[in-house]
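Read in order, the letters of the sequence shown correspond to residues 1 to 211 in full-length UniProt numbering.
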Amino acid sequence: MNAEKEYFKIKAENLIKNFAKRNIDACFVENSKAAAEKVLELIQDKATVSWGGSKTLQQIGIFDQLKAADYRLLDRDTAKNSAEKEEIYHQALSADYYLMSSNAITQTGKLVNVDGNGNRLAALIYGPKNVIIVAGMNKVTVDEESAIKRVRNQAAPANAIRLDQKTPCVKTGYCHSCQVDDTICCQTVITRRSRAKGRIKVILVGEKLGF
Ligand code: SF4
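Shown next as structure tokens:
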């Protein structure tokens, strides 16, 4: 028996019940392959689909599968200039489905996210008809405080490195509560409930994914 896999599964079972109390649909899958299959199963043909920047989405290999399927994609990486990119960010707010991960999740079922631009968080809060979150079980924390610590001292420095930002955390690996132009920590959003039942769907993955 793989004890870590079993641990993730047990933890997820409890978390799924806690999400349900918050109007958030959740399920558990064993691995990345099953996570990508579940994403595609949730999205209807011909739907408009967009996403926020995410190492997790990259790792599960969903982008090539989205491109091969019958969807209308709003992909900012196809923009020819910054004005087009901005336009895609705005169009994404009216997408049928918006994909993202969560920087952290409390074991009671709150989503904790920190963003620089805030386009990803805007979509999470309001706009897209459906938000699909894919998250490895390594992102689950005890409470809100530990979730924010996780984001600021682990996820954000790693993301700042990924995005080649000039922030103090890229040099030390922990947060300095910076106010530099490149900071990726302008907005912190705690999602404690979805007003629309089932609008947010969380796919918990029994693997370490993302930062
Ligand atoms: S140093 Fe700045 S960018 Fe890095 S985690 Fe802290 S607030 Fe965010």
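Note that the Cβ used here is the ideal one computed from N, Cα and C, for glycine as well.
{"Check": "With 16 other CB atoms within 10 Å as the buried threshold, where does C185 fall?", "Outcome": "buried"}
{"Check": "Pick out whichever of G198, N18, G61 and K110 has its Cα sitting closest to the Cα of T188.", "Outcome": "K110"}
{"Check": "Using beta-carbon positions only, say whether I200 and I60 come within less than 8 Å of one another.", "Outcome": "no"}
{"Check": "Please identify the residue among R150, G198, G210 and T167 whose C-alpha is closest to the C-alpha of A20.", "Outcome": "G198"}
{"Check": "Please determine whether the Cβ atom of T184 lies at a distance below 7 Å from any heavy atom of ligand 1.", "Outcome": "Inspection of the sequence shows that residue 184 is occupied by Ile rather than by Thr. Yes, the Cβ of I184 comes within 7 Å of a heavy atom of ligand 1."}
{"Check": "Quick check: the segment 145 to 164 against the segment 76 to 83, are at least 3 beta-carbon pairs closer than 8 Å?", "Outcome": "no"}
{"Check": "Along the chain, where does the beta strand (DSSP E) that runs through K201 open and close?", "Outcome": "I200 to V205"}
{"Check": "Tell me where the alpha helix (DSSP H) around F19 begins and ends.", "Outcome": "A3 to K21"}
{"Check": "Quick one: grab the DSSP three-state call for F211.", "Outcome": "coil"}
{"Check": "Output the boundary residues of the beta strand (DSSP E) element that contains T172.", "Outcome": "Looking at the DSSP string, T172 is not in any beta strand (DSSP E); the run it does join, the alpha helix (DSSP H), is C169 to T172."}
{"Check": "The alpha helix (DSSP H) spanning N119 covers which residue range?", "Outcome": "N119 to I125"}
{"Check": "T188: beta carbon under 7 Å from a heavy atom of ligand 1?", "Outcome": "no"}
{"Check": "When you compare only the Cα positions, how much space is there between L66 and M137?", "Outcome": "23 Å"}
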